[in-house]
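In terms of our numbering, the sequence shown is residues 435 to 822. Where a beta carbon is used, it is the ideal one built from N, C-alpha and C, also for glycine. For clarity, every value in this text was computed on a predicted model and none was experimentally measured. Beneath this line is the structure, given in structure tokens, with notes to follow.
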Amino acid sequence: MSEATINWDEELKKDEIYILAQKSGISTDDLKASSEEEFKSLLEDLKKQLKELPKDRIDALPPEDAQKIQDLIAKENTENSASSGNDENQDNEGSERQTLEVGKDDREGEANNLDWIEEKRKFWKEFAEENENNFQNDPQKDTESKTFSCTLNKDKDAGIITYTSPTAARITPESHLTMYQGLVKDAMQNNLSITFGLSLDEKQKAMLLAACLMEQSTYANGEKLQMVNPPKIDMNAEYIKSLPEGVQKVLGDYAQEQARKAKQEEIDNKLNDVRTKLRKNQEAAAKLGKDDDRSALAQERENLRLEQLAALKEKVKENPSAHTDDKNKDKENIEKIMAARMGIINDPNIKDVNGKPIAKNDKFTARKNEQNPGLKAYLEKKYGPKEK
Numbered sequence: 435m436s437e438a439t440i441n442w443d444e445e446l447k448k449d450e451i452y453i454l455a456q457k458s459g460i461s462t463d464d465l466k467a468s469s470e471e472e473f474k475s476l477l478e479d480l481k482k483q484l485k486e487l488p489k490d491r492i493d494a495l496p497p498e499d500a501q502k503i504q505d506l507i508a509k510e511n512t513e514n515s516a517s518s519g520n521d522e523n524q525d526n527e528g529s530e531r532q533t534l535e536v537g538k539d540d541r542e543g544e545a546n547n548l549d550w551i552e553e554k555r556k557f558w559k560e561f562a563e564e565n566e567n568n569f570q571n572d573p574q575k576d577t578e579s580k581t582f583s584c585t586l587n588k589d590k591d592a593g594i595i596t597y598t599s600p601t602a603a604r605i606t607p608e609s610h611l612t613m614y615q616g617l618v619k620d621a622m623q624n625n626l627s628i629t630f631g632l633s634l635d636e637k638q639k640a641m642l643l644a645a646c647l648m649e650q651s652t653y654a655n656g657e658k659l660q661m662v663n664p665p666k667i668d669m670n671a672e673y674i675k676s677l678p679e680g681v682q683k684v685l686g687d688y689a690q691e692q693a694r695k696a697k698q699e700e701i702d703n704k705l706n707d708v709r710t711k712l713r714k715n716q717e718a719a720a721k722l723g724k725d726d727d728r729s730a731l732a733q734e735r736e737n738l739r740l741e742q743l744a745a746l747k748e749k750v751k752e753n754p755s756a757h758t759d760d761k762n763k764d765k766e767n768i769e770k771i772m773a774a775r776m777g778i779i780n781d782p783n784i785k786d787v788n789g790k791p792i793a794k795n796d797k798f799t800a801r802k803n804e805q806n807p808g809l810k811a812y813l814e815k816k817y818g819p820k821e822k
């Protein structure tokens, strides 16, 4: 049966959750589903109301129905427990993980061990070669200052990076995107999070955020980059106009996604508030005697149900599944860029954020093979020449 021929309202009324809700005294009179999204949202809402039922209400049901609700609650609690455990582990990992603070000057703690300077020099020299830039660095100055500084130069200087320790770096205000990407790439390779230092101006924070988002998207193995104190992006701010076009697009998509998440949270809070009021309404109705006037409570319940339906419809409208095609397209574009840099695709229409065609880069290929051995084979199969 196709999507178009499914009567979602009939499916809703046949669902066990809906039937259990009716038997439990939860009002379902105003609930109607005209689409799969509404069907799922309404069932999810009913499920939450079943979980919030007082124990005496559950015990008053026929044993078979009471057991079904208890099983539902137990299942939900188990899943939530597992989810909380995963979140806790992630938080612990985040707290243990060191961070690269961009915009910080930290010259303490490394005076007796300067091996890190040579490691930075090696990384930035290779990064420059990968990006067809000239690497400029003064080793003697590094030794004297016990820091590491460099600039990349192609057509003109791309800015200056200065590390005062392995976990503290400064970047000049007008630095190009390439310098920020190098900072982020270095942090990821050393399993560091990125901290947006308070000394950075709005433009620097925006450029660093864009570099984080771009670099993270190239890791097909699902590695996540943790960001500490990332900025809120206002796409109407004056400085946005001075950013490269590719950076503006990345930040625009990010700002849109953040706004969508905020809207979803607002709707969820509204639904939780309505559920609480409905539960109190039902508890108040249960305390009334046979001859008591129920009209006020009935009117309140009707108004709450209308408010609930409006919020559910708004939630369906804001459903992230609506953006699936765009996300798939973005993923495909990222994969094509990686395939071009590996020489799998030779297409002048595939360009970098500066609008220049992407050419094969052996250094990039070697690094990706080391990070993710299966990536090249995956890209070759998906985007390589097809045998005739």
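Quick one: what's got a C-beta closer than 7 Å to V868's C-beta in the same chain, skipping five residues either side?
-> As displayed, the chain neither begins before 435 nor continues past 822, which places residue 868 out of reach and without an answer.
DSSP three-state call for L738: helix, strand or coil?
-> Residue state, collapsed to three classes: helix.
Assigned secondary structure, S458 (DSSP; H/G/I helix, E/B strand, else coil) | Assigned with DSSP and collapsed to three states, S458 falls in coil, not helix or strand.
In chain order, what residues of the same chain lie with their CB nearer than 7 Å to the CB of S461, ignoring the 5 residues before and after it?
-> Closer than 7 Å at the Cβ level, and outside the excluded window around S461, lie R735 and R739.
With a Cβ-Cβ cutoff of 8 Å, do Y812 and I778 count as a contact?
-> no
Counting contacts by CB-CB distance shorter than 8 Å, is N587 in contact with chain B?
-> The structure shown contains no chain B; it holds only a single protein chain.
Residue span of the beta strand (DSSP E) that contains E552, given as start and end | Unbroken run through E552 is the alpha helix (DSSP H), D549 to E564; no beta strand (DSSP E).
Measure the alpha-carbon distance for D490 versus L712 and round it to whole angstroms.
-> 17 Å
Under 8 Å between C-beta atoms of T585 and D591 | yes
Could you please give me the residues that DSSP links to S599 through a beta bridge?
-> A602
Taking L626 as the reference, give the member of N783, F798, Q733 and E535 with the closest Cα.
-> E535
Measure the C-alpha to C-alpha separation of K772 and M669 and round it to an integer number of angstroms.
-> In the sequence as presented, Lys is not what sits at residue 772; that position holds Met. Cα-Cα distance, rounded: 28 Å.
Can you list, in chain order, the residues of its chain whose CB lies under 7 Å from that of N663, leaving out five sequence neighbours each side?
-> T629 and F630
Which whole-angstrom value is the C-beta distance of T612 and D540, which I expect to be below 8 Å?
-> Rounded, the Cβ-Cβ distance is 24 Å, inconsistent with contact.
Exposure label - K639; buried when at least 16 CB within 10 Å = buried
For L586, does the three-state DSSP call read helix, strand or coil?
-> strand
Own chain residues within Cβ distance below 6 Å of A774, not counting five before or after | Its chain contains I784 and I792 as the residues whose beta carbon lies nearer than 6 Å to that of A774, once the 5 sequence neighbours on both sides are disregarded; these appear in chain order.
Thinking F582 and G616 are a contact (beta carbons under 8 Å), I'd like their distance in whole angstroms, please.
-> Incorrect: roughly 12 Å between the Cβ atoms, too far for contact.
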